[in-house]
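Student:
Right under this line is the structure:
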């Protein structure tokens with residue numbers, strides 16, 4: 001079993017924008033939500049630093065937070081947390097796959113814009129993909145196929 005970094009936090013009720021700001025930042029990190037005000041990430045230098053920054057920000061907003069390094073009580077618990085994180089990333093990759101397939105029918109200029117957006121989205125998802133699902137490779141291939149289709153259309157128009 002691996003180490004996890006946990007952030008336990010409480011935010012003031014008002015203004016709600018502060019809570020939403022923190023919630024979105026945690027969401028971008030791909031945290032596992034273990035309970036109300038308790039999130040976890042696999043422990044490494046990067047995830048620990050990111051949660052330290054958020055903990056500091058919570059304090060600046062009038063909230064309280066504590067960072068912990070911990071291990072799940074059983075391998076089954078760790079597997080359940082990892083499975084939930086994997087499922088969340090799989091949904092994001094499935095959205096990329098659907099958008100890439102839909103863009104295959106778009107005009108070349110629109111397709112090029114979609115390619116750039118989807119490549120950026122793959123990078124964003126990849127930064128929070130701690131337990132890669134099978135959909136990751138499928139999403140990469142779908143975007144690559146779109147890139148190749150765009151290149152082929154450019155060649156034909158010359």
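Numbering (UniProt numbering), first residue to last: 1 to 158.
Note that the Cβ used here is the ideal one computed from N, Cα and C, for glycine as well.
#1: If you draw a straight line from the C-alpha of residue 123 to the C-alpha of residue 41, how long is it?
#2: Which residue from 20, 89, 90 and 30 puts its Cα closest to that of residue 46?
#3: Which value, in whole angstroms, describes the spacing of the CA atoms of residue 11 and residue 69?
#4: Quick one: residues in its chain with C-beta nearer than 8 angstroms to the C-beta of residue 84, no 5 flanking neighbours on either side, listed in chain order?
#5: Could you check if residue 107 is buried or exposed, using at least 16 other CB atoms within 10 Å of its CB as the buried criterion?
#6: Give every residue of the same chain whose Cβ lies closer than 7 angstroms to the Cβ of residue 18, excluding the five residues on either side of it in the sequence, and list them in chain order.
#7: Is it a yes or a no for the stretch 90 to 100 touching the stretch 50 to 64, going by three-plus beta-carbon pairs under 8 angstroms?
Tutor: If we stick to the structure as given:
#1: 18 angstroms
#2: 30
#3: 21 angstroms
#4: 32
#5: exposed
#6: 11, 12 and 61
#7: no
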